[in-house]
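In full-length UniProt numbering, the protein residues as written are 1 to 686. Quick reminder that beta carbons are idealized off the backbone N, C-alpha and C, glycines included. Just so we're clear, the structure is a prediction, and the values are computed from it rather than from any experiment.
Structure (structure tokens):
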């Protein structure tokens, strides 16, 4: 590596040189605000009287390949600084066009032939000094051909920033800007391929993680070490497709980082921290060998195609599957993707059929929706879906999934019909998130109904049967006790809510008026509705507690029909994943694996689980052990000689490990209970 402070203009005017922006670099994204600040700095230094006054603009890192695209043009592959280099070139291009338009022919020729093009190069591909990626190159060539920016039909930062510069340059500041450009300094960092490690240097330059996304860093890691032609091949064969698949339709939003995080969860059985996805990817795939560039990237590309359907459910060609994927997306249970991605892959590979896939998508909705109704914490879902696919037995696919979910305990459990009946009646659904309200009413209304209504895009809204601000007449229709029950307890619950396209007309009127309203033949009342939710309301004459109870029973029965509880019976041998609090004694048993805080460890040894959990917890907060009775329970000491068999949990602290499995279980229970981590450790017997 060689670093030299250089005049920026001298760098640009190198003869027969092409600055190559490689395909792995992110798109050009400087804003006009950044361009304005740069131009202000250039004008400021250009106005200074002394030639020694300069302005430093950072560094540019490039690889000198020693490989030429033609017989006489050398390529410098830019690995850091492409945003500044592109912006400065756009400024020079604007100066060139201004000079041309204002009779400054000599200056225009100088800029064009020393900075913008390689004048004496015959090959068209090597003519431009700056060789950009496809999208930016198209816009840049458009401008080089002296076209009017407003005629460019696509949105481009290249066009936008060039227009800013061109509109800002005038007769008064042209010379000041050119003088300011002559006084710009930067650090030129030249790397030699095969000797310097460009990835390590790139990471160091971007160590804050602020400038590049996790996806940007991963893309660079995959492509940077390859020769230019191989970079293009891998980019076009794999990465470009992965990026396109991980985009949300009709949006510029990219989900590549999230997708790679889900993929790593699948292969590692551990959920990476959102800010550590790149590190986890690099650790998992340290050897970027032939297998990585064929098999691994092919698998990631395959999963990205499935992920695309999860993000853009209308792209699923099968209507029935598309409906269920839309429901999953509507519920926003993205944490299920590390489970659903390999399940869908099994469907593509004909391991399961369409009916099984749909049944699984329905089962996942039942599991998650029942948990919502009961009020179980959503953060428990991360750990559940992280390892759920591992529980599937291919020869008994769907039943093994039911068994796995049914044997979850505590906050991970699959709520029963009895729990649902109790919780649903009092659930304030109206004040829950909009996505939950829409999901519930769409599912209730559309069940076994081929005519689906998208409630997020219609005039149909949620209607309170007993109104939020009831008319005074309601007090005549109801007893004082019933009126108070509706106001204080039942108002926002499912049995008092329905759907109507005439919410504004029905308002706070009494029930009989709501039922029969036909103002100006508008058929506003419940009795004219085509919705299933209003069928019961058509045949009753008053809305009181008795009617409320009967309607709740109808809704409850519909609920457990839509969001079914598995009917499979768990045998004793199926009950094989436990937490410490419901597990059979470990005597004469071995482990198959344990899962602690979203990390799955395969081992047969109880000691390994014991050491892993206690070491992790002690290192997080030693005082919660040393300042409590846990110190004595675990026999924690700095004197390893005082223990029969010492295990080091830090460099200075040891605990007694010469205990049988039962003792280890008892001590772990006491630790997890004391730290309120009862549901963080689960395990499976061999």
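Exposure of residue i, with buried meaning 16 or more beta-carbon neighbours within 10 Å
i: residue 120; result: exposed
i: residue 155; result: exposed
i: residue 86; result: buried
i: residue 602; result: exposed
i: residue 666; result: exposed
i: residue 371; result: buried
i: residue 402; result: buried
i: residue 80; result: buried
i: residue 468; result: exposed
i: residue 534; result: buried
Residue i versus the options, residue with shortest Cα-Cα distance
i: residue 531; options: 344, 501, 508, 312; result: 501
i: residue 289; options: 511, 568, 221, 130; result: 221
i: residue 358; options: 397, 338, 519, 651; result: 397
i: residue 36; options: 169, 356, 152; result: 169
i: residue 432; options: 112, 492, 684; result: 492
i: residue 286; options: 225, 648, 116; result: 225
i: residue 614; options: 382, 595, 634, 627; result: 634
i: residue 447; options: 557, 551, 377, 112; result: 557
i: residue 354; options: 321, 559, 562; result: 321
i: residue 650; options: 189, 174, 611; result: 611
i: residue 600; options: 267, 151, 54, 547; result: 267
i: residue 333; options: 439, 254, 233; result: 439
i: residue 673; options: 640, 584, 630; result: 630
i: residue 302; options: 89, 349, 568; result: 349
i: residue 374; options: 104, 423, 54; result: 423
i: residue 697; options: 342, 304, 364; result: Coverage of the chain is limited to positions 1 through 686, which leaves residue 697 absent and any answer about it impossible.
i: residue 589; options: 604, 657, 189; result: 604
Three-state secondary structure (DSSP) of residue i
i: residue 347; result: helix
i: residue 684; result: strand
i: residue 650; result: coil
i: residue 117; result: strand
i: residue 391; result: helix
i: residue 627; result: coil
i: residue 16; result: coil
i: residue 189; result: strand
i: residue 59; result: strand
i: residue 500; result: strand
i: residue 9; result: helix
i: residue 64; result: strand
i: residue 39; result: helix
i: residue 489; result: helix
i: residue 478; result: coil
i: residue 224; result: coil
Integer Cβ distance of residue i from residue j, believed to fall under 8 Å
i: residue 21; j: residue 75; result: Contact flag wrong, Cβ pair sits at about 11 Å.
i: residue 675; j: residue 579; result: Not confirmed; about 14 Å, so no contact.
i: residue 281; j: residue 338; result: Going by Cβ atoms, the distance from residue 281 to residue 338 rounds to 15 Å, so no, they are not a contact pair.
i: residue 390; j: residue 269; result: 7 Å
i: residue 643; j: residue 654; result: 6 Å
i: residue 486; j: residue 466; result: 4 Å
i: residue 111; j: residue 101; result: Not confirmed; about 13 Å, so no contact.
i: residue 248; j: residue 23; result: So it is not a contact: roughly 23 Å between Cβ atoms.
i: residue 184; j: residue 55; result: 6 Å
i: residue 59; j: residue 187; result: 4 Å
i: residue 471; j: residue 509; result: 6 Å
Residue i versus residue j - alpha carbon distance
i: residue 274; j: residue 367; result: 26 Å
i: residue 415; j: residue 407; result: 11 Å
i: residue 586; j: residue 662; result: 6 Å
i: residue 160; j: residue 32; result: 7 Å
i: residue 214; j: residue 261; result: 9 Å
i: residue 679; j: residue 577; result: 12 Å
i: residue 68; j: residue 130; result: Any reading at residue 68 must be qualified, since the residue scores a pLDDT of 44, below 50, and its modelled position is unreliable; no value is offered.
i: residue 223; j: residue 299; result: 17 Å
i: residue 648; j: residue 257; result: 37 Å
i: residue 10; j: residue 617; result: 58 Å
i: residue 310; j: residue 637; result: 52 Å
i: residue 144; j: residue 93; result: 8 Å
i: residue 581; j: residue 669; result: 7 Å
i: residue 427; j: residue 411; result: 18 Å
i: residue 307; j: residue 318; result: 15 Å
i: residue 692; j: residue 5; result: Only positions 1 to 686 of the chain appear in the structure, and residue 692 is not among them; the question remains open.
i: residue 443; j: residue 400; result: 26 Å
i: residue 520; j: residue 244; result: 53 Å
i: residue 242; j: residue 305; result: 8 Å
Minimum Cβ-Cβ distance from residue i to chain D less than 8 Å
i: residue 172; result: Included in the structure is just one protein chain, with no chain D present.
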